[in-house]
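Some notes on the structure that comes next.
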DNA sequence: GCAGTCCAAG
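Residue numbers (the working numbering): 6 to 827.
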């Protein structure tokens with residue numbers, strides 16, 4: 006019997022002890038007399054192999070009963086480890102340690118407790134408290150005992166430092182082991198590699214790896230892992246090649262499964278294939294983990310044939326293989342195939358796990374199979390994985406994209422362990438569904454819960470601030486990104502630039518732009534931003550600058566710069582852009598063509614606009630609307646109406662904007678009856694009139710002097726009249742000198758737009774024209790009191806290639822004129 | 001005593 010046990014222990018008891026064997030031995034031991042217990046080996050074996058908590062407790066009780074505890078260090082240690090493996094009873098661990106009689110404690114017992122805390126701390130859920138307990142035991146070893154740390158102590162404490170990124174402590178331990186000369190030990194150095202790697206200190210990793218007196222297979226695997234974890238993919242592949250070609254070590258399963266994801270991220274199908282060949286050559290192809298990693302790698306490279314081939318040929322498959330298959334298919338959008346495999350997996354009676362669910366859900370979202378997704382949610386509840394972070398986060402995303410906010414927030418609230426992705430998914434749901442305030446508030450709440458917003462949070466919430474125009478919140482977030490350093494990520498700086506631009510703070514937008522990384526998107530944001538301000542000429546210079554810094558203008562750039570040209574009537578510059586776009590064949594893009602129409606009509610070049618329009622092969626509503634608006638603006642009301650009728654015949658889906666265009670044309674031409682007809686026509690089409698439509702109608706009636714009808718229309722509205730409506734009425738009143746009605750309109754207008762200088766000016770001028778000077782003065786004072794600045798009159802001139810803007814009261818630099826005459 | 005395949009948010 007003893008020999009049998011001994012042999013087992015020598016060949017690693019963990020793997021050989023079957024459940025039944027342990028049961029039998031336990032039964033035997035509890036029945037037998039105490040001499041059996043002297044065979045410590047036997048007990049250790051049992052402890053190591055104990056497969057349930059109650060077995061360990063049984064052994065524990067027997068040991069106390071037979072008087073081996075609290076004397077035997079071996080038994081205490083074995084029990085401590087056994088308890089730690091069940092992630093339970095942390096108090097029992099320390100009790101076992103402290104109850105062991107002081108004279109029989111040893112460095113070994115300290116090491117065991119330290120190891121146990123390492124196991125507890127670095128389990129599936131990180132436990133900082135157990136990590137702290139581990140560090141206490143390590144410190145205790147120096148201070149309160151007569152023992153010294155040994156080569157078994159350091160790997161554990163270093164693992165804690167590595168897992169918890171305790172950089173200072175790790176450096177201290179490194180110093181200590183140099184002092185105590187344990188730095189020759191290969192185990193210690195391997196863990197040290199991991200520590201430096203996790204801290205991102207690759208320089209130290211490289212140096213240590215070069216200086217290590219001895220390396221083993223694990224050293225190579227660790228260093229490969231560390232480089233891949235730090236995103237140094239080419240270096241990782243280099244190390245792998247060096248290992249194969251130069252070192253005396255042969256890659257094993259761990260090496261291959263570490264290097265394959267790197268080949269996958271590099272999307273280097275040749276690399277994956279060569280590793281695949283190598284695996285065959287050295288006979289590792291039967292390894293299920295390698296097969297799984299292979300399936301995954303081919304999937305990430307988008308080679309569906311190879312992926313399915315490897316999967317088919319695998320001699321052994323587990324649930325990870327199926328998950329990899331499904332994930333690989335879904336990764337490149339083969340969602341239907343992924344769903345088929347998922348069904349097959351169920352039919353084959355494979356065990357689904359949380360990863361299967363978290364892989365399948367996004368594929369179903371992509372397919373818009375939401376009710377199927379809800380079924381999968383049901384599965385996950387049955388399996389008890391619905392509050393797993395990955396599953397729950399995928400569910401939050403799914404319900405959000407489905408528009409089921411209560412579903413999303415139910416999942417979110419039920420999670421007992423949220424992470425930053427959970428918060429970001431919720432924030433994204435709100436931000437992308439026009440619930441901006443909720444998104445912004447959730448960022449605050451997230452911080453109150455101790456979660457730090459990352460770049461994804463910011464790229465989600467900044468557009469929400471932009472849409473709300475809430476500069477204050479945007480600035481608050483900006484300050485935070487500077488503190489956290491994430492403002493330097495391209496995505497974030499672009500979102501910041503966009504937020505400032507949309508809030509109208511182009512100076513701040515420009516500032517972010519000037520101090521951050523830039524790409525084409527950054528330029529487009531500013532070009533578009535400036536095109537909607539008084540600084541349109543900046544759009545033009547940025548457009549040219551793109552060319553100079555080697556960036557290619559795209560559709561968005563053309564659209565932005567053409568809007569700018571239209572706003573400042575920069576005809577020559579706009580035509581240059583047109584020619585430029587033609588050389589790049591970009592003018593064929595519908596959006597660019599529509600921008601050209603807008604530009605030419607606003608500049609009054611209706612003939613060129615017509616030519617551009619005629620050459621658009623497939624016009625959309627915007628193309629037609631722009632032309633109708635253009636003709637209307639130029640007073641060619643008949644043509645505008647003809648275009649509107651032609652549009653209907655062209656089977657283009659005319660929209661509410663089309664009616665704004667045609668109504669404003671009628672209004673310009675004084676065609677009251679025609680306008681009314683179109684308005685009724687619109688109602689008959691079930692197009693809900695907006696404030697803009699009513700404003701057109703008020704304008705139409707008002708211009709023709711039908712003030713009463715205009716007022717009746719305003720009074721009959723079910724909605725609260727907006728600024729456009731009051732503005733239209735005010736304009737009409739000024740035209741017809743109706744001061745009383747004008748005041749009524751203007752007071753409403755100023756209430757809605759207290760910062761709109763034009764309204765004050767209009768009202769004040771109207772009073773002045775009616776000779777009511779004191780009233781005019783009152784309005785001027787009100788405007789000054791509210792600190793409303795009147796936008797100065799501004800004009801532009803193009804001299805040679807340069808566009809110059811100047812405002813009222815400012816003189817053009819004479820040198821420019823000289824230059825132009827040269 | 002040290003390394004270890006598959007999953008979620010823009």
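C-beta atoms are modelled at their ideal positions from N, C-alpha and C, and glycine is treated no differently.
Output the boundary residues of the alpha helix (DSSP H) element that contains residue i.
i           : result
residue 746 : 744-757
residue 663 : 661-674
residue 375 : 375-388
residue 220 : It is not in any alpha helix (DSSP H) - residue 220 carries neither H nor E in the DSSP assignment.
residue 102 : 95-104
residue 738 : 728-741
residue 782 : 778-790
residue 79  : 78-90
residue 515 : 511-520
residue 245 : 238-250
residue 636 : 626-638
residue 761 : No alpha helix (DSSP H) contains residue 761, which DSSP labels as neither H nor E.
residue 188 : Counting along the chain, residue 188 falls outside any alpha helix (DSSP H), and DSSP gives it neither H nor E.
residue 712 : 712-721
Helix, strand or coil for residue i? Go by DSSP, reduced to three states.
i           : result
residue 40  : Reliability of the predicted coordinates at residue 40 is poor, the pLDDT of 47 falling under 50, and the value obtained from them is presented with this limitation in mind. Correct three-state label for residue 40: helix.
residue 575 : coil
residue 618 : helix
residue 541 : helix
residue 198 : helix
residue 487 : helix
residue 799 : Annotation note: pLDDT 49 at residue 799 (below 50); position unreliable, coordinate value reported separately. In the structure shown, residue 799 sits in a strand (DSSP, three-state: E or B).
residue 110 : coil
residue 465 : helix
residue 57  : coil
residue 594 : coil
residue 609 : coil
residue 692 : coil
residue 507 : helix
residue 770 : helix
residue 558 : coil
residue 705 : helix
residue 655 : coil
residue 253 : coil
residue 75  : coil
residue 206 : coil
residue 63  : helix
residue 133 : helix
Are the CB atoms of residue i and residue j nearer to each other than 9 Å?
i           : j           : result
residue 267 : residue 242 : yes
residue 159 : residue 196 : yes
residue 617 : residue 598 : yes
residue 432 : residue 448 : yes
residue 376 : residue 362 : no
residue 619 : residue 567 : no
residue 529 : residue 554 : no
residue 482 : residue 467 : yes
residue 370 : residue 334 : no
residue 633 : residue 670 : yes
residue 254 : residue 216 : no
residue 319 : residue 343 : no
residue 680 : residue 705 : yes
Tell me, to the nearest whole angstrom, how far the beta carbon of residue i is from that of residue j; I am working on the premise that it is less than 8 Å.
i           : j           : result
residue 74  : residue 81  : 7 Å
residue 642 : residue 676 : 6 Å
residue 316 : residue 293 : About 11 Å separates the two Cβ atoms, so there is no contact after all.
residue 398 : residue 413 : Between residue 413 and residue 398 the Cβ distance is about 10 Å, and since that is not below 8 Å, they are no contact.
residue 576 : residue 541 : Rounded, the Cβ-Cβ distance is 13 Å, inconsistent with contact.
residue 401 : residue 359 : Wrong, their Cβ atoms sit about 15 Å apart, outside the cutoff.
residue 265 : residue 227 : That belief does not hold up - the Cβ atoms of residue 265 and residue 227 are roughly 17 Å apart, past 8 Å.
Uninterrupted alpha helix (DSSP H) stretches inside the region 391-457 (no shorter than 4 residues):
394-407, 410-419, 425-436 and 441-453
Can you list the beta strand (DSSP E) stretches of 3 or more residues lying completely in the region 261-297, in chain order?
none
Quick one: which unbroken alpha helix (DSSP H) runs of 4-plus residues sit fully inside the region 139-168? Chain order, please.
158-168
May I have a chain-ordered list of the alpha helix (DSSP H) segments no shorter than 4 residues that lie completely inside the region 298-365?
309-318, 324-336 and 340-352
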